[in-house]
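**Student:** Our numbering applies: residue 3 is where the sequence shown begins, and numbers increase by one.
All C-beta atoms, glycine included, are put in the ideal place defined by N, C-alpha and C.
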Amino acid sequence: MKFDSFEWHESKRCSNIEKHNVDFEEILDLFDTFLYEIPDNRRDYGERRTIAFGELEKQVYCLVYTLRGKSCRLIRPPAKIGTDYV
3 MKFDSFEWHE SKRCSNIEKH NVDFEEILDL FDTFLYEIPD NRRDYGERRT IAFGELEKQV
63 YCLVYTLRGK SCRLIRPPAK IGTDYV
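#1: Classify residue 82 as helix, strand or coil using the three-state DSSP reduction.
#2: Only counting the same chain, and skipping five residues up and downstream in sequence, which positions put a Cβ closer than 8 Å to that of residue 52?
#3: What three-state label does DSSP hand residue 20 in the structure shown?
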């Protein structure tokens, strides 16, 4: 899916860089690859959220996002869930 723009809380971005060494800006290319997506039905968030899994540079990531108009809002910081593989 293509989006006009991406948005996020800057404090979450900075915290994720510090804790996990993963920057939102560096993983936006995930949206140009195949993503396995499932609805995030863990609770009622008042909006539709999607959990997405994708691979970028031989690393698997998981993130949560929602749509705000034509913008993609990253909700949960991307997390590495795999190690390098071939």
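**Tutor:** For this structure:
#1: strand
#2: 39, 40, 41, 42, 66, 67 and 68
#3: helix
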